[in-house]
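To start, the structure itself, in structure tokens.
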Amino acid sequence: MMQQPNQGLNRKLAHHTTILSIVLRTYTGQSIRTVLFSVNLYFTLHLTV
Numbered sequence: 037m038m039q040q041p042n043q044g045l046n047r048k049l050a051h052h053t054t055i056l057s058i059v060l061r062t063y064t065g066q067s068i069r070t071v072l073f074s075v076n077l078y079f080t081l082h083l084t085v
């Protein structure tokens, strides 16, 4: 019984990783800069507040 939820979790993880890889492939180049900018903005906002 412990194997079934693990299989579902693995399937979900695989699904998310494939989505992430597709997103990364489509948005490489320009948007790396925007992602870095947003990450920097996020951290600066959280550090100041």
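Here the sequence shown is numbered in the working numbering, starting from 37 and rising by one per residue.
For glycine and all other residues, C-beta sits at the position ideal for the given N, C-alpha and C.
Inset, instruction - Quick one: grab the DSSP three-state call for residue 84. - result: helix
Inset, instruction - In angstroms with no decimal places, state the Cα-to-Cα distance between residue 45 and residue 70. - result: 31 Å
Legend entry - Nearest-angstrom Cα separation, counted from residue 43 out to residue 63: 30 Å
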